[in-house]
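Visitor: The structure that follows is given in the form of structure tokens.
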């Protein structure tokens, strides 16, 4: 039985790849081939950018309300097809179906925020220095946006870029990740159903060298927004320099999870587990290093181990599954190598630390939920992003040490703090060097927030009013009669 072939979405139509080639997309839970996605190249990128550039004038001329109506229509279709979209997400990248439903909800929320705020991209009027003069600072769209999405949230990351780009009056060409392109293509089908004008949204599938590089380097794409790894982000920034493009990068993270002696231990344990093992730890905001005050360390560690032991790993299509497979064998092997190195450097393996085997696991890429203790701050596993189901537990003497160790990182995306001490919370706002901090709660940013990082975690940011304003540029007009 032949696989269904998915073409690219260019200028409102489904277009075969210029190469004539397709790549098989496999389900990481069982290795079964799902579909074949077009293997795009430079010629396909050129077609998509040309279509987006042609559509830009008419689209940007539409009223803000009209653009918002299209986004509302697209959002409603996501809500309607929630179960179908969630199934697609789970099938192509392996996250549990319950979490996939959460992703669809988040994607819809991102589109809703963009639709609600098309009329809130406001300019300014400033008094001039000449009689009768007004200085206008207008906010105008960039033009064609190039969007590059990662594989871990294949629908939400596309919506995160498409929503604000279109709301601001831009058109967009999106490259979904080659491991999980089916959700983006499903979104394109819904955009077509919503009546989005041809060329406003274009989806070109393929890998980084063949699609990502020419999209970033294209002279007619003035803004690049990318979610992915820090090494990939640095390459994109270098490639964009030739045309002095504006670049927005949401990259890796190494979130510290700080638990003080006055914390609600049960709540902190639940949050630590969910923030580490949600989506198999394949989240840039995941709890990557857990710093626990020595006064409650033993209590926390005991409760934590019991909680991790209860995690159910298995078929991601089952509602009661807590963790599915890693997205690919290469990603699994990368995580396992980091765990084995940590053990060699002196960490104690409490749980997991191996690929799962047996009838339920042999055809998939499942890694056991892993708990490491006796971890020292200088170990590689504390310094480098793991992006997998591995929780590293570290003991700290006091809040000062926790802050110092938390900040001693090349990353600065997300952090967590559990304490009842207001003084510590106020200190944290001044001293913790991260762009997004969760206080007495688990992970999960909101569409109206601002998701951004410091240092090697990226440039710019996503979501909320600040994220929306990244998709416009200012134009200053000295207005005289």
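In our numbering, the protein residues as written are 3 to 483.
Virtual Cβ for every residue (Gly too), placed ideally from N, Cα, C.
Using the rule of at least 16 other Cβ atoms within 10 Å of the residue's Cβ for burial, across every protein chain shown, is residue 478 buried or exposed?
Guide: Stepping through the chain shown from its first residue, residue 478 is reached at position 476. Exposed: under 16 other Cβ atoms inside 10 Å.
Visitor: Is the separation between the beta-carbon of residue 94 and that of residue 27 shorter than 7 angstroms?
Guide: To locate residue 94, count along the chain shown from 1; it is residue 92. To locate residue 27, count along the chain shown from 1; it is residue 25. Contact flag set, yes.
Visitor: For the segment 225-253, list the beta strand (DSSP E) runs that are entirely contained and at least 3 residues long, ordered along the chain.
Guide: Fully enclosed beta strand (DSSP E) runs of 3 or longer: 225-229, 248-252.
Visitor: Sort out for me which residues DSSP pairs residue 473 with in a bridge.
Guide: Here residue 473 refers to the residue found at position 471 of the chain shown. Residue 473 is not bridged to any residue.
Visitor: Do residue 162 and residue 112 have their beta-carbon atoms positioned less than 7 angstroms apart in this structure?
Guide: Reading the chain shown from its first residue, position 110 is the one you call residue 112. Reading the chain shown from its first residue, position 160 is the one you call residue 162. In this structure, residue 162 lies closer than 7 angstroms to residue 112 by Cβ.
Visitor: Is it the case that the segment 152-172 contacts the segment 460-478, given that we only count it when at least three CB pairs across the two stretches are under 8 angstroms?
Guide: Yes, the segment 460-478 is in contact with the segment 152-172.
Visitor: So, is residue 449 buried or exposed, given that buried needs 16 or more other C-beta atoms within 10 angstroms?
Guide: Within the chain shown, the letter at position 447 stands for residue 449. With 16 or more other Cβ atoms within 10 Å, it is buried.
Visitor: Can you look up residue 307 in the DSSP assignment and give me helix, strand or coil?
Guide: On the chain shown, residue 307 is found 305 positions in, with the first residue counted as 1. Helix.
Visitor: Along the chain, where does the alpha helix (DSSP H) that runs through residue 217 open and close?
Guide: Translated into the one-based positions of the chain shown, residue 217 becomes position 215. Counting along the chain, the alpha helix (DSSP H) containing residue 217 begins and ends at 215-219.
Visitor: For the alpha helix (DSSP H) that contains residue 135, what are its first and last residues?
Guide: Reading the chain shown from its first residue, position 133 is the one you call residue 135. From DSSP, residue 135 is part of no alpha helix (DSSP H); its letter is neither H nor E.
Visitor: For residue 435, name the three-state secondary structure that DSSP assigns.
Guide: On the chain shown, residue 435 is found 433 positions in, with the first residue counted as 1. Residue 435: coil per DSSP, three-state reduction.
Visitor: To the nearest whole angstrom, what separates the beta carbons of residue 192 and residue 83, a pair I think is in contact under 8 angstroms?
Guide: In the chain shown, residue 192 corresponds to position 190, counting from 1. In the chain shown, residue 83 corresponds to position 81, counting from 1. Yes, residue 192 and residue 83 are in contact; Cβ-Cβ is about 7 angstroms, under 8 angstroms.
Visitor: To the nearest angstrom, report how far apart residue 329 and residue 44 are at their CA atoms.
Guide: The residue given as residue 329 occupies position 327 in the chain shown. The residue given as residue 44 occupies position 42 in the chain shown. Rounded to whole angstroms, residue 329 to residue 44 spans 27 angstroms at the Cα level.
Visitor: Going residue by residue through the segment 144-223, where are the continuous beta strand (DSSP E) segments of at least 3 residues, counting only ones entirely within it?
Guide: Complete beta strand (DSSP E) runs here, min 3: 146-150, 173-177, 203-205.
Visitor: Determine the extent of the beta strand (DSSP E) in which residue 418 is found, giving its start and end residues.
Guide: Within the chain shown, numbered from 1, the residue matching residue 418 stands at position 416. Looking at the DSSP string, the run of the beta strand (DSSP E) that includes residue 418 is 416-420.
Visitor: Take every Cβ of the segment 224-232, pair it with every Cβ of the segment 429-436, and state whether three or more of those distances are shorter than 8 angstroms.
Guide: No, because fewer than three Cβ pairs between the segment 224-232 and the segment 429-436 fall closer than 8 angstroms, the two stretches do not touch.
Visitor: State buried or exposed for residue 128, treating a residue as buried only when at least 16 other CB atoms are found within 10 Å of its CB.
Guide: For the purposes of this step, residue 128 is identified with residue 126 of the chain shown, where counting begins at 1. Answer is exposed; the Cβ neighbour count stays below 16.
Visitor: Should residue 420 be listed as close to the ligand HEM, given that the test is whether its C-beta is under 6 angstroms from any heavy atom?
Guide: With respect to small molecules bound, the structure shown includes none, and the ligand HEM cannot be examined in it.
Visitor: Grab me the residues of residue 49's own chain with a C-beta within less than 6 angstroms of its C-beta, minus the 5 sequence neighbours each way, in chain order.
Guide: In the chain shown, counting from the first residue as 1, residue 49 sits at position 47. Answer for residue 49: 12, listed in chain order.
Visitor: Three-state secondary structure (DSSP) at residue 24?
Guide: Working through the chain shown from its first residue, we reach residue 24 at position 22. Strand at residue 24.
Visitor: Rounded to a whole number of angstroms, what is the C-alpha to C-alpha distance between residue 256 and residue 140?
Guide: As a working mapping, residue 256 is identified with position 254 in the chain shown. As a working mapping, residue 140 is identified with position 138 in the chain shown. If you take the alpha carbons of residue 256 and residue 140, they lie about 38 angstroms apart.
Visitor: Measuring straight from C-alpha to C-alpha, what distance separates residue 283 and residue 155?
Guide: For this step, residue 283 is matched to residue 281 along the chain shown. For this step, residue 155 is matched to residue 153 along the chain shown. Approximately 12 angstroms, taken between the alpha carbons.
Visitor: Residues in the same chain with beta-carbon distance under 8 angstroms from residue 279, minus the five sequence neighbours each way, listed in chain order, please.
Guide: Along the chain shown, one-based indexing puts residue 279 at 277. Cβ neighbours of residue 279 beyond the five flanking positions: 310, 313, 324, 325, 371, 391, 393.
Visitor: Are there 16 or more other CB atoms within 10 angstroms of the CB of residue 453, so buried, or fewer, so exposed?
Guide: Residue 453 sits at position 451 when you count from the first residue of the chain shown. Buried.
Visitor: Looking at the unbroken alpha helix (DSSP H) that takes in residue 92, where does it start and where does it end?
Guide: Working through the chain shown from its first residue, we reach residue 92 at position 90. Unbroken alpha helix (DSSP H) run through residue 92: 84-95.
Visitor: If you count every other CB in all the chains shown that lies within 10 Å of the CB of residue 18, and 16 or more means buried, which is it?
Guide: Within the chain shown, residue 18 is the residue found at index 16, counting from 1. Exposed is the call here.
Visitor: Thinking C-beta only, is residue 460 closer than 7 angstroms to residue 495?
Guide: The requested residue 495 does not occur in the structure, where the chain is confined to residues 3 to 483.
Visitor: Where DSSP assigns a beta bridge to residue 129, which residues make up the other side?
Guide: Looking up residue 129 in the chain shown gives position 127. Answer is 136.
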